[in-house]
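One structure is given here, and the rest of the page talks about it.
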Amino acid sequence: MTEHETGSAAPAAADPAPAGARQWLREHSELGVAVVLLALGGLVVVDALSMSTSFAQRGPVGPRVVPLAVGGLLIAIAVALTVDVLRGGKGEAEGGEDVDLSTPPEWRTVLLLAAAFIANIALIDLVGFPISGAILFWGSAYALGSRHWVRDPAIAVVLSVSAYLLFQKLLGVPLPGGPLEGI
């Protein structure tokens, strides 16, 4: 009589990864970061190699050099991290940090910061960088706990206008000016 006929053997549940493999992956979880770095570096290198260089160079360094260097460094860091992890290296929390890891994250702060960044993205073309940047700086300060209702907006405006003028006038990088466009 076979096992099927007697019904004595229950079908075994297929486990996708044995317990040993799961434990090994937990102990070497930093390899995930190495994989992401390797993929990002490969993407940057492939994108740099496919870059069109039809415009004239202004010097010995072409437009591919920096992306190729960054991509190459990302790949090198991924390889070095992989070798370190496979040799037994382990990332450790900093001993000097004064953070209690048992407390839950402050999702309100994260959401307020995200809202400040999203507001900046949505408003930059409508009202210009000085105003949207001031909203970003003030919103970030508020999200991180500052509650000075006069000082914070004033500092935000000074930072935003200073950054706008630095990029616009000194660096020559055009930013949307909004009401300050003609200045």
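Going from the sequence shown to this note's numbering is simple: count from 1 and add 90. No residue lacks a Cβ here, since even glycine has one placed at the ideal position from N, Cα and C.
Simplified DSSP state of Glu-117, which is helix, strand or coil: helix
Can you list, in chain order, the residues of its chain with a C-beta nearer than 6 Å to that of Val-251? Leave out the 5 residues immediately preceding and following it. Pro-220
Cβ separation of Val-160 and Val-126, assumed to be a contact under 8 Å, to the nearest whole Å: 15 Å between Cβ atoms; not a contact.
Quick one: is Ser-222 buried, meaning 16 or more other Cβ sit within 10 Å of its Cβ, or exposed? buried
So what's Leu-191 in DSSP terms, helix, strand or just coil? coil
Assess, as a yes-or-no matter, whether the region 201 to 213 is touched by the region 236 to 253 under the definition of 3 or more beta carbon pairs within less than 8 Å. no
Cβ neighbour criterion (16 or more within 10 Å) applied to Ile-225: buried
Taking a contact to mean a Cβ-Cβ separation below 9 Å, would you say His-118 touches Leu-164 in this structure? no
Spatially closest choice to Pro-157 from Ala-166, Val-136, Gln-258, by CA coordinates: Val-136
On the CB-based measure, 16 or more other CB atoms within 10 Å of its CB, does Ala-129 come out buried or exposed? exposed
What does the alpha-carbon distance come out to for the pair Ser-236 and Asp-190? 21 Å
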